[in-house]
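Visitor:
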Amino acid sequence: MWDRIAAYAAHDDPMVAACNLIALVVASNQPFYPLYVYWTVSGHVWPAVFTFLSTPLFLAVPAVARRYSKIGRALLPIVGMANTILSAKVFGPASGVEIFLIPCALIAATFFRPSERLLAFILIGGAILIYFGFNGAYGTPPVHIYTSSEYQAFVRLNAMSAGTLSVFVGLIASGLISQIKARA
Numbered sequence: 513m514w515d516r517i518a519a520y521a522a523h524d525d526p527m528v529a530a531c532n533l534i535a536l537v538v539a540s541n542q543p544f545y546p547l548y549v550y551w552t553v554s555g556h557v558w559p560a561v562f563t564f565l566s567t568p569l570f571l572a573v574p575a576v577a578r579r580y581s582k583i584g585r586a587l588l589p590i591v592g593m594a595n596t597i598l599s600a601k602v603f604g605p606a607s608g609v610e611i612f613l614i615p616c617a618l619i620a621a622t623f624f625r626p627s628e629r630l631l632a633f634i635l636i637g638g639a640i641l642i643y644f645g646f647n648g649a650y651g652t653p654p655v656h657i658y659t660s661s662e663y664q665a666f667v668r669l670n671a672m673s674a675g676t677l678s679v680f681v682g683l684i685a686s687g688l689i690s691q692i693k694a695r696a
């Protein structure tokens, strides 16, 4: 099974392979998010089910990238931003879920070549625009109102999760840099 997953994530372009790996790691962690919410925030985990809507899109990144490498790489932060918007609407901005826009921008800044900078800047700008454009206004109230202490726990959970994802992206990028230097 691991061989099939590795083959699915593999690509001749190391940047594409890196984005594929990140997408699959994010998708594989999504089923655990309700458990994290249960353990650290509240027993009201049913709103976390909405986050599963993005799982097939994260899983599709390697398939898209196999045919259109630049679009596949761009799909990763786009799906991440869409998932962040959905999660902010579901949980409310007080959950701190918008912090996931940081790894989305980091991915956009890291996995595009100098000749693709315009696309990278558009994606980074998209993350910034979402943060400042929505400014916490996601329409109707969240599907469940948590207590202030639960929202504090949510912020800690999301900060730790987004921080861990950012570190993972950094480690992948570091490995990619080493790989590129070794080829040169």
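For the sequence shown, the numbering used here begins at 513 and goes up steadily by one. In this text, a Cβ means the ideal position worked out from N, Cα and C, and glycines have one as well.
Could you tell me how far apart the beta carbons of Ile642 and Ile597 are, in whole angstroms, since I believe they sit closer than 8 Å?
Guide: Taking the first residue of the sequence shown as position 1, residue 642 is located at position 130. Taking the first residue of the sequence shown as position 1, residue 597 is located at position 85. Yes, they are in contact, since the Cβ atoms of Ile642 and Ile597 sit about 6 Å apart, within 8 Å.
Visitor: Any idea what DSSP makes of Ser554, helix, strand or coil?
Guide: One-based indexing of the sequence shown puts residue 554 at position 42. If DSSP states are grouped into helix, strand and coil, Ser554 belongs with coil.
Visitor: Let me know if Ile657 comes out buried or exposed under the rule of 16 or more other beta-carbons within 10 Å of its beta-carbon.
Guide: As a position in the sequence shown, residue 657 is number 145, starting the count at 1. So Ile657 ends up on the exposed side.
Visitor: Check each candidate in Arg579, Pro526, Ile611, Gln542 and name the one with the smallest Cα separation from Val561.
Guide: Counting from 1 along the sequence shown, the entry for residue 561 is found at position 49. Nearest C-alpha to Val561: Gln542.
Visitor: By the three-class DSSP mapping on this structure, what secondary structure does Asn647 have?
Guide: Position 135 of the sequence shown, counting from 1, holds the residue named residue 647. Here Asn647 sits in coil by DSSP.
Visitor: Roughly how many angstroms separate the alpha carbons of Thr563 and Ser599, rounded to a whole number?
Guide: Translated into the one-based positions of the sequence shown, residue 563 becomes position 51. Translated into the one-based positions of the sequence shown, residue 599 becomes position 87. The alpha-carbon atoms of Thr563 and Ser599 are separated by roughly 6 Å.
Visitor: Measuring straight from C-alpha to C-alpha, what distance separates Pro568 and Arg695?
Guide: By one-based count along the sequence shown, residue 568 stands at place 56. By one-based count along the sequence shown, residue 695 stands at place 183. For Pro568 and Arg695, the distance between alpha carbons rounds to 34 Å.
Visitor: What are the boundary residues of the alpha helix (DSSP H) that Gln691 is part of?
Guide: Stepping through the sequence shown from its first residue, residue 691 is reached at position 179. Its alpha helix (DSSP H) spans residues 660 to 695.
Visitor: Quick check on this structure: which residue in Tyr548, Pro574, Gly555 has the alpha carbon closest to the alpha carbon of His523?
Guide: One-based indexing of the sequence shown puts residue 523 at position 11. Here the closest residue by C-alpha is Pro574.
Visitor: Which residues mark the beginning and the end of the alpha helix (DSSP H) in which Gly584 is found?
Guide: Taking the first residue of the sequence shown as position 1, residue 584 is located at position 72. Where Gly584 is concerned, the enclosing alpha helix (DSSP H) stretches over 581 to 603.
Visitor: How about Gly608 and Ala671: do their beta carbons lie closer than 9 Å?
Guide: The sequence position of residue 608 within the sequence shown is 96, counting from 1. The sequence position of residue 671 within the sequence shown is 159, counting from 1. The answer is yes: Cβ separation under 9 Å.
Visitor: Could you pull the start and end residues of the alpha helix (DSSP H) that Asp515 belongs to?
Guide: Here residue 515 is taken as the residue at index 3 of the sequence shown, counted from 1. Note, Asp515: alpha helix (DSSP H), 514 to 521.
Visitor: Measure the beta-carbon distance from Ala620 to Ile636 and round it to whole angstroms, keeping in mind my assumption that it falls under 8 Å.
Guide: Reading the sequence shown from its first residue, position 108 is the one you call residue 620. Reading the sequence shown from its first residue, position 124 is the one you call residue 636. Confirmed, Cβ separation roughly 5 Å.
Visitor: When you compare each of Leu533, Leu547, Ala639 to Trp514 by their alpha carbons, which one comes out closest?
Guide: To locate residue 514, count along the sequence shown from 1; it is residue 2. Comparing Cα positions, the closest option is Leu533.
Visitor: Should Ile640 and Leu683 be called a contact, given that it needs their Cβ atoms to be closer than 9 Å?
Guide: Counting from 1 along the sequence shown, the entry for residue 640 is found at position 128. Counting from 1 along the sequence shown, the entry for residue 683 is found at position 171. No, they are not a contact pair.
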